[in-house]
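Report on the structure given below.
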Amino acid sequence: MDQFLSFSMIIQGFQTMFGPYQFLSTTFGVVVGLIVGVLPGLGGLVAMVILIPFTISLDPSAGLGCLIGVFVGGCYGGAITSITLGIPGSPVAAATLLDGHPMSKSGRTGEAIGLAIVSSTFGGMFSALVLIIGAPLLASIALRFGPPEFFALGILGLSTISSIARESTMKGLISAALGLLVATVGTDVFTGNLRFTFDNPELFGGIPLIATLMGIFAGSEILIQLERWEMIPGAIARLRPKLPSLNSMRRNAKTYIKSSVIGTLIGTIPGTGGVIAAFISYGEAKRSSKHPEAFGKGAEEGVIASEAANNAMVGGALVPTLSLGIPGDAASAVLIGALMLHGISPGPRLFEAHPDLVSAIFVGFLIANLIMLVIGLLMCPLFTLILRIKKAYLIPVIFLLCFAGTYGYRNSMFDVILLCLFGVIGYGMRKFGFPLPPLVIGQVLGRMIEEAFRRSLLMSGGSLVIFISHPIADFIWLLAILFLAFPYLQRITKFFRGP
Amino acid sequence: MYLLRKLENNVLTLCFSLFGIWVVWLSHRLDVPAGIELGFNLAFYPRLLGWSIFIISLAILLQQFLKAEFGDDKGTQAVQHFKNRALLKRMGGSIVLVTAYMSLISIVGYLLLTPIFLFAFISLLGNRNWVMIILVSILLTSLVYFFFWILLYIPLPEGVLVPQLDLSGLL
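As structure tokens, this is what we get:
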């Protein structure tokens with residue numbers, strides 16, 4: 003572990019992230035994340051995708067600081083809408099609504115917002131520490147992996163995210179396979195031959211990740227927002243957050259810690275995400291509470307459990323993302339995409355090749371949480387104005403930013419056409435219950451998986467036995483199979499238990 | 657009627673199964689020399705993916721057609737949904753506007769076309785405060801131009817009709 007990240011590297015990370023560009027871009031990211039998180043239905047993921055073109059032209063540490071800021075800010079921003087309006091600003095804040103909104107209705111809006119921001123910061127800081135300790139440790143283990151292990155690891159990442167797909171594992175698998183296929187377009191790395199390019203020079207370098215990301219997430223979101231034209235209900239009064247007293251913090255200390263642990267642990271499992279983390283943590287807080295009957299009626303613990311867990315999930319998700327190159331969720335896939343667009347390969351080698359960047363990311367995550375605490379409190383009165391922005395203005399803005407960002411990446415109108423195409427595909431997939439994250443994660447992991455697959459075959463002289471003849475690979479395969487079989491095992495158990 | 661409703665609900669899965677077959681067919685047309693080692697065979701991996709998509713889609717279709725109930729009727733809901741005139745106007749109009757914008761921008765250029773496009777788009781979405789729409793359209797165009805072109809040197813379409821204003825010297 004020492005060879006990867008020493009104390010002096012962390013100090014260097016602080017020096018880097020307190021540089022003017024890095025600090026400003028992280029702050030900018032948090033502000034954007036908070037604003038977009040507050041707007042119902044959008045969420046931090048769309049904001050991250052839209053901001054990618056901006057971050058490409060920045061130094062990698064500043065660019066990633068900005069995206070991490072959006073990630074962190076977006077998680078908390080959704081809580082404001084949940085508490086004040088009773089509709090989740092982003093899906094991760096859905097559990098906050100259960101007790102946050104009743105608190106608001108009984109005239110305790112400021113108190114609920116104060117609890118949300120403090121617990122979000124606590125959860126984020128806790129998971130940052132776990133990330134700093136856990137990621138280098140995992141990366142040092144992963145350095146012993148060969149191509150068969152990496153192939154199995156890639157498939158494990160895809161199978162977990164597909165199996166946890168809400169609708170159907172099989173639909174998740176199709177989505178993942180589509181993503182892997184998208185990654186095969188372009189020049190073959192082994193032979194230099196062209197594949198699926200249809201003699202179009204714009205495809206020789208492959209389908210740009212930026213077009214897929216923008217199309218699948220932002221493009222499909224535009225179409226969904228055009229379809230659901232419901233207005234935001236009513237205006238809200240000026241918000242004045244009230245920080246929890248020391249007494250309240252002492253009283254709820256167990257909930258803060260337990261929820262942060264749950265959020266971090268769930269975040270490390272690829273495919274889970276903040277929604278699951280928040281609801282599991284909420285359930286656990288209710289189960290272990292001395293007053294479970296108060297839950298759903300404005301219990302402080304309910305808000306703390308949900309908010310601490312959904313922000314702690316971010317740090318947890320970054321552990322496999324940085325150490326193995328396997329994104330924990332869609333937002334982590336965007337971070338990996340940003341790294342790749344900077345020409346940096348994620349995975350265990352990242353710790354050897356760019357220790358300065360890794361430490362900057364760790365410290366950036368820590369700082370983003372602190373910035374969120376300050377900005378989140380200062381910006382509270384502004385949220386009232388943000389909630390008044392009409393969709394009629396918002397949708398053209400999102401389109402324009404997607405257009406400019408995608409066009410500017412390669413100065414290509416073809417990429418904009420791809421963006422629209424992926425937007426329509428993403429919209430169709432959402433309408434028919436196909437999850438989108440596996441597609442993007444498939445494209446992000448595609449090159450690595452194919453390279454590992456073919457390198458393994460070269461090592462074995464074409465024998466497929468190599469994939470099951472390595473003990474670590476076998477263990478990873480077993481995990482992948484268990485994840486895929488999990489929904490079916492649940493059904494079988496239910497069947498035998500009876501109705 | 658029963659089959660049609662089932663088909664409506666699984667039309668995308670059907671498309672994916674056809675797509676899988678198309679990928680397999682395309683992979684057979686790739687230029688791979690005979691007798692090459694499997695690791696160097698650039699067609700094997702995409703063919704595997706094509707077959708996977710086809711087989712999984714078929715499995716979903718089979719599962720859906722064997723089910724007695726219609727589940728949440730996604731396709732039928734979508735068809736009913738698009739009979740809503742306001743929605744059709746909003747989505748259809750947006751698609752026409754975006755297509756026109758993308759077709760014309762290489763000729764007219766970003767600075768001239770974008771305010772007009774934004775004005776039309778915002779009006780289409782139901783806003784009638786004309787002064788506000790004009791202000792927002794001009795302001796947004798300028799802001800994006802400033803951030804992308806001037807601050808970050810990210811190019812935007814210049815067009816051929818009017819020479820692009822070069823304001824980069826301002827900074």
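Sequences listed follow chains E and L, in order. Residue numbering for the first sequence follows my numbering, starting at 3 and increasing by one per position. Residue numbering for the second sequence follows my numbering, starting at 657 and increasing by one per position. Backbone N, C-alpha and C fix where the C-beta goes; we use that ideal spot for every residue, glycine too. Computed from a predicted structure; not experimentally measured.
With the criterion set as a beta carbon lying under 9 angstroms from some beta carbon of chain L, the stretch 301 to 315 of chain E has no members that meet it. Taking 9 angstroms as the upper bound on Cβ-Cβ separation, chain L lies near no residue of the stretch 113 to 141 of chain E. About 18 angstroms separates the CB atoms of residue 86 (chain E) and residue 377 (chain E); that is not less than 8 angstroms, and the two are not in contact. Contact between residue 380 (chain E) and residue 54 (chain E) fails: their C-beta atoms lie close to 27 angstroms from each other, not under 8 angstroms. Ranking E:271, E:295 and E:346 by CA distance to the CA of residue 165 (chain E) puts E:271 first.
Residue 798 (chain L) is outside the set of residues whose beta carbon lies under 8 angstroms from a beta carbon in chain E. Restricting attention to alpha helix (DSSP H) runs no shorter than 4 residues, the stretch 397 to 483 of chain E encloses them at 415 to 433 and 439 to 462, ordered along the chain.
DSSP places residue 314 (chain E) inside the alpha helix (DSSP H), whose first and last residues are 302 to 326. Distance from the Cα of residue 140 (chain E) is smallest, within the candidate group E:473, E:318 and E:128, for E:318.
Separation of residue 480 (chain E) and residue 396 (chain E) (C-alpha to C-alpha, rounded to the nearest whole angstrom) is 46 angstroms.
Residue-level contact check: residue 756 (chain L) does not touch chain E, since none of the beta carbons of chain E fall below 8 angstroms from its beta carbon. In this structure, residue 35 (chain E) keeps its C-beta atom at 8 angstroms or more from the C-beta atom of residue 129 (chain E). Sequence-distant partners of residue 341 (chain E) (beyond 5 residues in either direction) whose C-beta falls short of 6 angstroms from its own C-beta, in its chain, are 348. Looking at the backbone, the Cα of residue 260 (chain E) and that of residue 303 (chain E) are separated by about 11 angstroms.
Chain L has no Cβ within less than 8 angstroms of the Cβ of residue 493 (chain E). Within the same chain, Cβ atoms closer than 6 angstroms to the Cβ of residue 299 (chain E) are found at 104, the five residues on either side in sequence being excluded. At a cut-off of 8 angstroms between beta carbons, residue 422 (chain E) contacts chain L. Counting of Cβ neighbours within 10 angstroms places residue 101 (chain E) among the buried residues, the total reaching 16 or more. A direct Cα-to-Cα measurement between residue 24 (chain E) and residue 790 (chain L) gives close to 35 angstroms. Annotation for residue 177 (chain E): the continuous alpha helix (DSSP H) segment containing it runs 171 to 186.
Within chain L, the residues 672, 709, 712 and 713 have their CB atoms less than 7 angstroms from the CB of residue 176 (chain E), given in chain order. In the structure shown, the three-state DSSP call for residue 145 (chain E) is coil. In the DSSP assignment, the residues bridged to residue 197 (chain E) are E:188.
Nearest to residue 703 (chain L) by alpha-carbon distance, out of E:13, E:212 and E:198, is E:198. One finds 778, 781, 782 and 783 in chain L with Cβ atoms closer than 8 angstroms to the Cβ of residue 394 (chain E), taken in chain order. Residues of the stretch 677 to 689 of chain L that bring their beta carbon within less than 7 angstroms of a beta carbon in chain E comprise 679, 682, 686 and 687, in sequence order. For residue 409 (chain E), the neighbours in chain L by C-beta distance under 7 angstroms run, in chain order, 812 and 813. For the stretch 175 to 204 of chain E, residues whose beta-carbon sits nearer than 8 angstroms to a beta-carbon of chain L comprise 175, 176, 179, 180, 182, 183, 186, 190, 192, 193, 195, 197 and 198.
Comparing alpha-carbon positions, the option among L:673, L:697, L:768 and L:810 lying closest to residue 683 (chain L) turns out to be L:697. Boundaries of the alpha helix (DSSP H) harbouring residue 670 (chain L): 667 to 684, taken from the DSSP string. Interface with chain E (8 angstroms Cβ-Cβ cutoff): residue 806 (chain L) is excluded. By the rule that beta-carbons nearer than 8 angstroms mark a contact, residue 787 (chain L) does not touch chain E. For residue 354 (chain E), the uninterrupted alpha helix (DSSP H) run begins and ends at 351 to 355, by DSSP. For residue 295 (chain E), the number of other beta carbons within 10 angstroms of its own is below 16, and it is reported as exposed. Membership of residue 713 (chain L) in the alpha helix (DSSP H) is indicated by the continuous run 700 to 722. Taking 8 angstroms as the threshold, the shortest C-beta distance from residue 430 (chain E) to chain L falls below it.
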